[in-house]
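Working notes, beginning with the structure itself.
Numbering (this note's numbering), first residue to last: 341 to 439.
Okay, here's the thing in structure tokens:
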């Protein structure tokens, strides 16, 4: 089954997690602005780097990002992060956050 579904990549697969986040960034039309605005560029990099933090630091990092999310699009991005990856029982945080 692992060979069929590539299950060995599910836990902590940085590539697939980042790819899913990038697709969402594109879907909320942040990609073009990301390329032009240094502040947004830095914000998105911080969002994408969350997966590499120890799980004990995730909540504090997300709270800091929520405070820095000053536009509808950045708030939408953080909302997606929380709904899809932090609070979703289908993708338990322990499966993709470093401990």
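Backbone N, C-alpha and C fix where the C-beta goes; we use that ideal spot for every residue, glycine too.
As the structure is a computational prediction, the values presented were derived from the model and not from experiment.
query: Alpha helix (DSSP H) segment containing residue 365, residue limits; result: 354–367
query: Three CB pairs or more closer than 8 Å across the segment 356–375 and the segment 393–409; result: no
query: Buried or exposed (CB count within 10 angstroms, at least 16 for buried), residue 384; result: buried
query: Boundaries of the alpha helix (DSSP H) in which residue 409 is found, first to last residue; result: First-last for residue 409: undefined, no H or E at that position.
query: Through-space distance from residue 364 to residue 355, alpha-carbon basis; result: 14 Å
query: Cβ distance (whole Å) where residue 404 is taken to contact residue 387 below 8 Å; result: Rounded, the Cβ-Cβ distance is 11 Å, inconsistent with contact.
query: Boundaries of the alpha helix (DSSP H) in which residue 387 is found, first to last residue; result: 378–389
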